[in-house]
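Worksheet: one structure, shown below.
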Amino acid sequence: MEIINKNIDHGRAFDWGKTSADYAKYRDIYPKEFYAKLAELSLGVKGQNVLDLGTGTGVIPRNMHSYGAKWTGADISENQIIYAEKLSKNAGMDIDYIVAAAEDVDFPDRTFDVITACQCFMYFDKSVVLPKFHRMLKEHGHFAILFMAWLPEESEIAKTSENLVLKYNPAWTGGRMTRYELQEPTWCAGMFKAANMLTYDLPVHFTRGSWHGRMKACRGIGASGLKESEIQKWEQEHWEYMQSLPEEFDILHYVSILDLEKI
Numbered sequence: 001m002e003i004i005n006k007n008i009d010h011g012r013a014f015d016w017g018k019t020s021a022d023y024a025k026y027r028d029i030y031p032k033e034f035y036a037k038l039a040e041l042s043l044g045v046k047g048q049n050v051l052d053l054g055t056g057t058g059v060i061p062r063n064m065h066s067y068g069a070k071w072t073g074a075d076i077s078e079n080q081i082i083y084a085e086k087l088s089k090n091a092g093m094d095i096d097y098i099v100a101a102a103e104d105v106d107f108p109d110r111t112f113d114v115i116t117a118c119q120c121f122m123y124f125d126k127s128v129v130l131p132k133f134h135r136m137l138k139e140h141g142h143f144a145i146l147f148m149a150w151l152p153e154e155s156e157i158a159k160t161s162e163n164l165v166l167k168y169n170p171a172w173t174g175g176r177m178t179r180y181e182l183q184e185p186t187w188c189a190g191m192f193k194a195a196n197m198l199t200y201d202l203p204v205h206f207t208r209g210s211w212h213g214r215m216k217a218c219r220g221i222g223a224s225g226l227k228e229s230e231i232q233k234w235e236q237e238h239w240e241y242m243q244s245l246p247e248e249f250d251i252l253h254y255v256s257i258l259d260l261e262k263i
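Here is the structure:
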């Protein structure tokens with residue numbers, strides 16, 4: 001049975017399961033440098049037991065698998081997990097997956113060396129999940145909050161695409177990203193301390209087709225509550241815009257890694 005999606009965007013529920021096929025095809029966009037940086041920070045490497053929350057189609061576990069950790073992925077959407085399991089199996093990867101919201105994930109004390117949350121921590125109820133993460137992590141274990149977003153003010157392509165999403169879904173809050181500085185959150189007190197706080201620019205390469213798919217697979221379009229007819233109109237208009245662009249291009253993204261150590 002499909003778990004009811006608790007994700008809320010500006011008062012509107014959205015469901016990544018609606019766009020799992022596009023998500024699996026177009027959201028696996030993090031460059032190799034992104035995963036290499038995680039390994040450099042000893043997050044998701046050989047000898048570790050790692051839990052990835054909001055795993056979606058298993059993007060983080062699948063791309064980090066070669067670094068040798070044992071991964072478990074959890075996601076609230078059953079459809080996302082179906083795709084994660086299929087993609088992992090097809091690649092010959094031994095990754096465990098469960099269907100569960102972050103608030104409902106439950107493992108014995110000191111199970112994991114690392115817990116990761118990529119592009120999803122903002123949806124979690126911190127009052128519920130933080131004590132649970134602290135309990136499930138081993139001594140001096142790490143909780144890593146990962147985020148990567150395009151910078152529309154530095155890419156006319158990204159800005160125009162955002163504007164087309166907002167035309168059809170004005171309540172979407174996933175755009176207008178700017179650079180920001182990381183600070184140790186106040187909610188860390190008594191549970192975690194900042195081990196590493198990194199931000200950096202990273203160009204991500206796209207074709208017209210892959211950028212079109214990436215935008216459709218955002219929560220403002222494919223995962224939203226828009227009618228199918230509205231999504232089709234957006235697709236037509238956005239694809240017409242894509243035809244005015246070069247076949248390949250880079251979109252500048254901003255990456256942040258907040259690596260917290262259990263205390």
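In this text, residue positions in the sequence shown follow the numbering used here: the first is 1, and each later residue adds one. All C-beta atoms, glycine included, are put in the ideal place defined by N, C-alpha and C.
Cβ contact check for the region 201–215 and the region 233–252: 3 or more pairs under 8 Å: Verdict: yes, contact present.
Does the beta-carbon of Gly56, which I'm using as the reference point, lie nearer than 6 Å to any heavy atom of the ligand MN? With respect to small molecules bound, the structure shown includes none, and the ligand MN cannot be examined in it.
Cβ neighbours of Asn63 in the same chain (closer than 8 Å, five flanking residues each side left out): The sequence position of residue 63 within the sequence shown is 63, counting from 1. Within the same chain, and ignoring the five residues on either side of Asn63 in sequence, the residues whose Cβ sits closer than 8 Å to its Cβ are Asp28, Tyr30 and Tyr35.
Within the region 161–218, note down every full beta strand (DSSP E) run reaching 3 residues or more, in order along the chain. Counting only runs of 3 or more, we get 192–207.
Determine which residues share a DSSP beta bridge with Ile115 and list them. To locate residue 115, count along the sequence shown from 1; it is residue 115. According to DSSP, Ile115 bridges with Leu51 and Phe143.
Through-space distance from Tyr168 to Ala158, alpha-carbon basis: For the purposes of this step, residue 158 is identified with residue 158 of the sequence shown, where counting begins at 1. For the purposes of this step, residue 168 is identified with residue 168 of the sequence shown, where counting begins at 1. The straight-line gap separating the alpha-carbon atoms of Ala158 and Tyr168 is approximately 16 Å.
Collapsed DSSP secondary structure at Leu151 in the structure displayed: Reading the sequence shown from its first residue, position 151 is the one you call residue 151. When DSSP states are grouped into helix, strand and coil, Leu151 belongs to the coil group.
What do you get for Glu2, buried or exposed, if any count of 16 or more other CB atoms within 10 angstroms of its CB means buried? On the sequence shown, position 2 is the one that residue 2 refers to. Below a pLDDT of 50, predicted positions are generally treated as unreliable, and Glu2, at 27, falls in that range; the measurement from the model is reported next regardless. Classification for Glu2: exposed.
Residues near Pro203 in its chain [Cβ-Cβ closer than 6 Å; skip 5 each side]: Residue mapping note: residue 203 aligns to position 203 of the sequence shown, counting from 1. Result list for Pro203: Asp250 and Leu252, in chain order.
Let me make sure I understand the geometry here. Which of Ile257, Gly225 and Val165 has the alpha-carbon closest to that of Lys18? The sequence position of residue 18 within the sequence shown is 18, counting from 1. Each of Ile257, Gly225 and Val165 was checked against the Cα of Lys18, and the nearest Cα belongs to Gly225.
If Phe112 and Met136 are in contact, beta carbons under 8 Å, what's the gap, nearest whole angstrom? Stepping through the sequence shown from its first residue, residue 112 is reached at position 112. Stepping through the sequence shown from its first residue, residue 136 is reached at position 136. Contact between Phe112 and Met136 holds: their C-beta atoms lie close to 6 Å from each other, under 8 Å.
Determine which residues share a DSSP beta bridge with Thr72 and list them. Residue 72 sits at position 72 when you count from the first residue of the sequence shown. Per DSSP, Leu51 and Asp96.
Count the other CB atoms within 10 Å of the CB of Tyr123; is the residue buried (16 or more) or exposed (fewer)? By 1-based counting over the sequence shown, the position of residue 123 is 123. By the C-beta density criterion, Tyr123 is buried, having at least 16 other C-beta atoms within 10 angstroms.
Alpha helix (DSSP H) containing Leu130: first to last residue? Along the sequence shown, one-based indexing puts residue 130 at 130. Annotation: the continuous alpha helix (DSSP H) that includes Leu130 extends over Lys126 to Met136.
For the region 117–131 against the region 160–174, are there 3 or more C-beta pairs whose distance is under 8 Å? Judged by Cβ distances under 8 Å, the region 117–131 makes no contact with the region 160–174, as fewer than three pairs qualify.
Report, in whole angstroms, the separation of the C-beta atoms of Ala91 and Ala74, which I expect to be a contact under 8 Å. Numbered from its first residue, the sequence shown carries residue 91 at position 91. Numbered from its first residue, the sequence shown carries residue 74 at position 74. The C-beta separation of Ala91 from Ala74 comes to about 19 Å, leaving the pair out of contact by the 8 Å criterion.
Kindly indicate which residue of His205, Ala189, Tyr180 and Thr186 has the alpha-carbon position closest to the one of Thr199. Residue mapping note: residue 199 aligns to position 199 of the sequence shown, counting from 1. Here the closest residue by C-alpha is Tyr180.
Val129 versus Lys262 - alpha carbon distance: On the sequence shown, position 129 is the one that residue 129 refers to. On the sequence shown, position 262 is the one that residue 262 refers to. If you draw a straight line from the Cα of Val129 to the Cα of Lys262, it is about 14 Å long.
Cα separation between Arg12 and Thr72? Along the sequence shown, read from residue 1 onward, the residue named residue 12 stands at position 12. Along the sequence shown, read from residue 1 onward, the residue named residue 72 stands at position 72. Its pLDDT being 46, under 50, Arg12 is placed unreliably in this model, and the value from its coordinates should be taken loosely. Their backbone Cα atoms lie some 29 Å apart in a straight line.
For Lys227, three-class secondary structure by DSSP: The residue labelled residue 227 in the question sits at position 227 within the sequence shown. In this structure, Lys227 counts as coil in the three-state DSSP scheme.
With a cut-off of 8 Å on the beta carbons, I'd call Leu258 and Leu182 a contact; round off their distance for me. As a first step, residue 258 is located in the sequence shown; it is residue number 258 there, counting from the start. As a first step, residue 182 is located in the sequence shown; it is residue number 182 there, counting from the start. Indeed they touch by this definition, with Cβ atoms about 6 Å apart.
Inter-residue CB distance, Asp15 and Ala223 (contact presumed, cutoff 8 Å): Taking the sequence shown and counting its residues from 1, the one referred to as residue 15 is at position 15. Taking the sequence shown and counting its residues from 1, the one referred to as residue 223 is at position 223. Rounded, the Cβ-Cβ distance is 6 Å, consistent with contact.
What residue from Leu164, Asn79 and Thr207 has the CA that sits closest to Thr57's CA? In the sequence shown, residue 57 corresponds to position 57, counting from 1. Checked all of Leu164, Asn79 and Thr207; the closest Cα to Thr57 is Asn79.
Can you round the beta-carbon distance between Phe192 and Phe143 to whole angstroms, since I take them to be within the 8 Å contact cut? Along the sequence shown, read from residue 1 onward, the residue named residue 192 stands at position 192. Along the sequence shown, read from residue 1 onward, the residue named residue 143 stands at position 143. About 6 Å separates the Cβ atoms of Phe192 and Phe143, confirming a contact at the 8 Å cut-off.
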